[in-house]
Amino acid sequence: MMIHSKTFFTGTTLDNLAQVARMMVEMQNKQNLIVHPQWHTQGYPFMRAAWTEASEAMGHTTWEWWKNLSSNYYDVFREEKDIAEYHMELVDALHFMISEHLQSYMRGEDIHPFAMGNAAQSLMTMLDKGYQKHVDDSWVEHYAPLSHEPSALGSPEQTLRRTEALVAACLAQDLRHAFEILVDVAEHTELGLVGLIGRYFAKATLNQHRWANGYKEKTYIKNWGDGKEDNTYLNEIVINQLEGLSLEDLLEALNLGVWQAELAEELNDLYDNVKQTGHAMHRAAQALSPS
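Sequential numbering from 158 applies to the sequence shown in our numbering.
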């Protein structure tokens, strides 16, 4: 698993983060408009969705000792795929957190460009603070109090506590600290802020693919074979693509639109195979059924 070197965002790099934040709120608005043209007036409980996704991240760790007696409790993750799934749950929480954040800047039925700009500026500030400073441990302690002596805890336990703090911050509707804790968790688990942002856009691409292929009508096939869902296939595609990318590299790829276009094409190709396999299995079942 890649270890991200720590550099601080200043000058041009901070400008790049501002551009990326603007692209993130625009992407989230675009996705939400697919769900409902007046999504920001529907009262959707985005923070409930966020804490639910964050809590699901815990399910990809080994904290449930009674289910993982053959594993070292302090390993946190059994396999690389568990780390990838854990990170994807964080990304899902991020989608809902940005929705809540963007909604808070909107008034009335119209989506004003100033609201988008202000939401993007505020998002950039929270992402940058979470990245540069890391979250104050007092907030982790506030939302996830220690139940053991600190000397008995290693880095894996701190990962679990930070995840719990993220869930608790979302439950408390404390969006500012939730963003900062989320970025801190990403850094702590070697995903990094750039990896978190890159996966955000990758998952947004998958979400668009889902809605374009019958997700609303409940005809979308989520299991793509070998017992793996589309999320898992997405992870397998993007992990290597994002490894080692700087924020500048990611911004250039997003601005050109090539990366997301190629990812969308690859997802479509994979899904075509899924549908063909599904149709073939359906025909075979029909042929075997008594007339």
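Note that beta-carbon positions come from the ideal geometry of N, C-alpha and C, so glycine has one too.
Check, Outcome
"Rounded separation between Ala335 and Leu348 - CA only", "17 angstroms"
"Extent of the continuous alpha helix (DSSP H) to which Ala205 belongs", "According to the sequence provided, residue 205 is Arg. The question's Ala does not apply to it. Looking at the DSSP string, the run of the alpha helix (DSSP H) that includes Arg205 is 203 to 215."
"C-alpha distance - Asn186 paired with Met281, whole-angstrom precision", "16 angstroms"
"Cβ contact check for the segment 211 to 218 and the segment 179 to 197: 3 or more pairs under 8 angstroms", "no"
"Sequence-distant residues of its chain with Cβ nearer than 6 angstroms to Ile338 (five each side left out)", "Val292, Ala322, Leu323, Ala326"
"Residues of its chain near Phe203, where Cβ-Cβ distance is below 8 angstroms and the 5 sequence neighbours each way are ignored", "Phe253, Met254, Ser256, Glu257, Gln260"
"DSSP bridge partner residues for Glu386 (one or two, in chain order)", "Asn380"
"Assigned secondary structure, Asn430 (DSSP; H/G/I helix, E/B strand, else coil)", "helix"
"DSSP three-state assignment for Tyr288, whether helix, strand or coil", "helix"
"Backbone CA spacing between Tyr201 and Thr218 [nearest angstrom]", "29 angstroms"
"For Asn182, the nearest candidate out of Ala410, Trp222, Asn275 (CA to CA)", "According to the sequence displayed, residue 182 carries Val and not Asn. Among Ala410, Trp222, Asn275, the Cα nearest to that of Val182 belongs to Asn275."
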